[in-house]
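Below: the structure, in structure tokens.
Residue numbers (the numbering used here): 2 to 106.
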């Protein structure tokens, strides 16, 4: 499974997946045409895997408030997502706005 980085080189997913992506991005007012060739942003675009492997096994050192988690990710990956997955509470200024799921009828 992959996620979109809109732009002229982005591979198109299956129609059902494309419809889902457009639906969850609609509340943000994203006009996907902005990212096409010669458009406002002219972004290169691509698709990236939603799940990635660590470059090396994570290591946990110390205990309690002195615990330290070490890990290495491929370029373009978000360490904050790993930390959230481990249950680490991030300060509000370090968290991206989370998308809201579309309402179902």
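Think of the CB as a built atom: it goes at the ideal place given N, C-alpha and C, for glycine as much as any other residue.
Every value quoted in this text rests on a predicted model; they were computed, and no experiment measured them.
Which word fits residue i, buried or exposed, when buried means at least 16 other C-beta atoms lie within 10 angstroms of its C-beta?
| i | result |
| --- | --- |
| residue 59 | exposed |
| residue 55 | exposed |
| residue 36 | buried |
| residue 76 | exposed |
| residue 28 | exposed |
Just the Cα atoms here: how many angstroms apart are residue i and residue j?
| i | j | result |
| --- | --- | --- |
| residue 81 | residue 17 | 29 Å |
| residue 90 | residue 84 | 8 Å |
| residue 44 | residue 92 | 30 Å |
| residue 4 | residue 74 | 17 Å |
| residue 41 | residue 66 | 47 Å |
| residue 46 | residue 13 | 11 Å |
In terms of residue numbering, what span does the alpha helix (DSSP H) encompassing residue i cover?
| i | result |
| --- | --- |
| residue 44 | First-last for residue 44: undefined, no H or E at that position. |
Whose C-alpha, out of the options, is nearest the C-alpha of residue i?
| i | options | result |
| --- | --- | --- |
| residue 86 | 66, 94 and 52 | 52 |
Next on the checklist: Report the start-end ranges of each alpha helix (DSSP H) in the segment 27-93 that is 4 residues or longer and not cut off at the edges.
Outcome noted: 80-86
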